[in-house]
Amino acid sequence: MSQRNVLVINCGSSSIKFALIGEGRSHFLLSGIAERLGSAEALLRVRDRESEDCLPIPHAGYAQALARLLPLARLAAGGELYGVGHRVVHGGEHFTQACRIDPQVVDTIRATIGLAPLHNPGALAGIEAVLQLFPSMPQVAVFDTAFHQTLPEHAYRYALPDELYREHGVRRYGFHGTSHRCVSQRAAALCDLPIDDSCWLSAHLGNGSSTCAIVDGRSRDTSMGMTPLEGLAMGTRSGDVDPNLHIHLMRTLGWSIERIDRLLNQESGLLGMSGLSNDMRTLEQARAEGHPGATLAIEVFCYRLAKSLAAMSCALPRIDGLIFTGGIGENSALIRSLTVGHLRVLGFALDESANQTRGNQGRAIQAVGSPRVLVVPTAEEEMIAVDTLTLLG
Ligand code: ADP
258 MSQRNVLVIN
268 CGSSSIKFAL
278 IGEGRSHFLL
288 SGIAERLGSA
298 EALLRVRDRE
308 SEDCLPIPHA
318 GYAQALARLL
328 PLARLAAGGE
338 LYGVGHRVVH
348 GGEHFTQACR
358 IDPQVVDTIR
368 ATIGLAPLHN
378 PGALAGIEAV
388 LQLFPSMPQV
398 AVFDTAFHQT
408 LPEHAYRYAL
418 PDELYREHGV
428 RRYGFHGTSH
438 RCVSQRAAAL
448 CDLPIDDSCW
458 LSAHLGNGSS
468 TCAIVDGRSR
478 DTSMGMTPLE
488 GLAMGTRSGD
498 VDPNLHIHLM
508 RTLGWSIERI
518 DRLLNQESGL
528 LGMSGLSNDM
538 RTLEQARAEG
548 HPGATLAIEV
558 FCYRLAKSLA
568 AMSCALPRID
578 GLIFTGGIGE
588 NSALIRSLTV
598 GHLRVLGFAL
608 DESANQTRGN
618 QGRAIQAVGS
628 PRVLVVPTAE
638 EEMIAVDTLT
648 LLG
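Numbers given in our numbering equal positions in the sequence shown, counted from 1, plus 257.
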């Protein structure tokens, strides 16, 4: 049988990230990003193992960018694409797992736009563009929220009047589900534990960050809520604040909802606290040079992360291990060390020399006597490709 290739697409608010994945291959056949879509500077960056190309696609939207990308992907796949897998951020309560895209699924994704106005319109535009360009191409949607549909009601409900949930879907949904699912499976394999009898704390730390409690392969609690703003301090997002902050800013400073939205989503987090950058590498460097804002931002980030992990432990019957993943979790020995330093009450301690060792394989970094602490690279694109192949049979 010829090899099956899947194009994984992640449509953001003005970009499309993509990866062409061949079944059983350990590297991407093609990957890249179409960025600044809709502007005169729109670009399609395409990388394969040997080279990187940068194609100007002025004023291209999702459809035009995909019209350029899909033939390139077909070529790199040796002429045939088996299917397209889309990352969709919000599946509401409708989707508990990945599903094959048909007109009804498209309508249901459209109906969840109100819950994810920044994220779902991009995914929908990508799905519709592929449908239009290649109507017979099989497509699958993989939802960030789906893994968290196993949360018990006491974990997903807000302490708000019932009708807001029943009539308007106001509840906690959780995100980064594909990553938490991926690293918990990889952690279980790494430790020779059956995934269906294992208990994990997981910290996905990238530009957006979240924690998750996973029991027997199922999410039992997570730090993000109705939107990806709840929970940890992130690159530019505040995470949890006193909900009265909105009212306070309106009353005392006369701020509009749009201004507050920008503050909490784009101007806060590591960027807001440091006054310098949302990039952890820049902040680590600045901290080493004595920058007070960077030092504070890192301290708040780690303390809040540790507090969230301790809270997540309430959802576990026991702890088989703590997993760090995402750009920061996989690469920053400093963040792991400061965070685990706040978790001594749960018995966690690091072997600092193992923590400092770099590597792109999953590995254990705990001290003797501590519950496991693991660094596990996430592979969201591969998970989406596997889900796509599974659904397309
Ligand atoms: P996204 O959420 O956009 O997928 P990533 O998972 O790639 O983001 O994570 C990006 C973050 O990872 C940035 O803050 C970046 O600084 C951080 N990061 C990447 N490499 C390192 C490193 N070696 N040390 C510290 N932070 C790192």
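The C-beta atom is built at its ideal place from N, Cα and C for all residues, glycine as well. Since the model is a prediction, treat every value here as computed from it, not as a measurement.
Item: Counting only the same chain and skipping the five closest in sequence on each side, list residues whose C-beta sits under 7 Å from that of N612.; Value: A590, R593, S594 and I622
Item: Taking G550 and G532 to be in contact with their CB atoms under 8 Å, please state how far apart those CB atoms are, rounded to whole angstroms.; Value: 5 Å
Item: Name all residues in chain order for which at least one heavy atom of the ligand ADP lies closer than 6 Å to the residue's CB.; Value: G463, N464, G465, G492, D536, M537, R538, E541, G583, G584, I585, N588 and S589
Item: If I measure Cβ to Cβ from F275 and keep anything under 8 Å in the same chain, skipping five residues before and after, which residues do I get?; Value: L264, V265, I266, N267, L287, S288, G289, I290, A291, L326 and A330
Item: Quick one: what does DSSP say N612 is sitting in, helix, strand or coil?; Value: helix
Item: Closer than 8 Å by C-beta to V346: which residues in its own chain qualify, once you throw out the five before and the five after it? Chain order, please.; Value: A373, H376, N377, A380, F400, D401, T402, F432 and P485
Item: Helix, strand or coil for T435? Go by DSSP, reduced to three states.; Value: helix
Item: Taking the Cβ atom as the reference point for each residue, do R601 and L489 lie within a distance shorter than 7 Å?; Value: no
Item: So, helix, strand or coil for E587, using DSSP?; Value: helix
Item: If I measure Cβ to Cβ from Y339 and keep anything under 6 Å in the same chain, skipping five residues before and after, which residues do I get?; Value: R261, N262 and V263
Item: According to DSSP, is R475 helix, strand or coil?; Value: strand
Item: Measuring only the C-alpha atoms, how far is G295 from E337?; Value: 29 Å
Item: Compute every distance between the C-beta of W512 and the non-hydrogen atoms of the ligand GDP, then say whether any falls below 6 Å.; Value: By its list of ligands, the structure shown excludes the ligand GDP, since it contains just the ligand ADP.
Item: Does the beta carbon of S594 come closer than 7 Å to any beta carbon on chain B?; Value: Included in the structure is just one protein chain, with no chain B present.
Item: For the alpha helix (DSSP H) containing R659, list its first residue and its last residue.; Value: Since the first and last residues shown for the chain are 258 and 650, residue 659 lies out of range.
Item: Ordered along the chain, which non-local residues of its own chain (more than five positions away) have a Cβ less than 7 Å from that of H405?; Value: Y430, G431, G434, S476 and T479
Item: Less than 7 Å between the C-beta atoms of T614 and A563, yes or no?; Value: no
Item: Please classify S270: does DSSP put it in a helix, a strand, or coil?; Value: coil
Item: Give a yes or no on contact between the region 309 to 320 and the region 355 to 363, applying the rule of three or more CB pairs nearer than 8 Å.; Value: no
Item: Hey, how far is the Cα of G526 from the Cα of S393?; Value: 43 Å
Item: For E587, is the classification buried or exposed, using 16 other Cβ atoms within 10 angstroms of its Cβ as the cut-off for buried?; Value: buried
Item: Please report the residue range of the alpha helix (DSSP H) in which C559 lies.; Value: P549 to M569
Item: Out of A324, R344 and M491, state which residue places its alpha-carbon closest to the alpha-carbon of G584.; Value: M491
Item: Would you tell me roughly how many angstroms separate the C-alpha atoms of A355 and E639, rounded to the nearest one?; Value: 14 Å
Item: Does DSSP put H376 in a helix, in a strand, or in coil?; Value: coil
Item: Checking the sheet assignment: what are the DSSP bridge partners for L579?; Value: L458 and V630
Item: Note the first and the last residue of the continuous alpha helix (DSSP H) segment covering H503.; Value: L502 to L510
Item: Apart from the five residues just before and just after N535, which ones in its own chain have a Cβ nearer than 6 Å to its Cβ?; Value: G492, T493, L527 and L528
Item: Can you tell me which residues form a DSSP beta bridge with A317?; Value: The partner list for A317 (beta bridge, DSSP) is empty, contrary to what the question assumes.
Item: Going along the chain, which residues of its own chain have a beta-carbon closer than 6 Å to the beta-carbon of R544, five neighbours each way excluded?; Value: A551, T552 and I555
Item: Between the C-alpha atoms of V625 and H505, what's the straight-line distance to the nearest angstrom?; Value: 48 Å
Item: Sort F581, I471 and H411 by Cα distance to V632 and report the nearest one.; Value: F581
Item: Around the Cβ of M258, are there at least 16 other Cβ atoms within 10 angstroms (buried) or fewer (exposed)?; Value: Confidence is the limiting factor: at M258 the pLDDT is only 44, short of 50, which leaves the residue's position unreliable, though a coordinate-based value still follows. M258 comes out exposed.
Item: Return the chain-ordered list of same chain residues with a C-beta closer than 7 Å to the C-beta of T365, the five sequence neighbours on each side being excluded.; Value: H351
Item: Considering only the beta carbon of each residue, do M569 and L408 sit closer than 7 Å?; Value: no
Item: Need the endpoints of the alpha helix (DSSP H) that G526 sits in, please.; Value: G526 to S531
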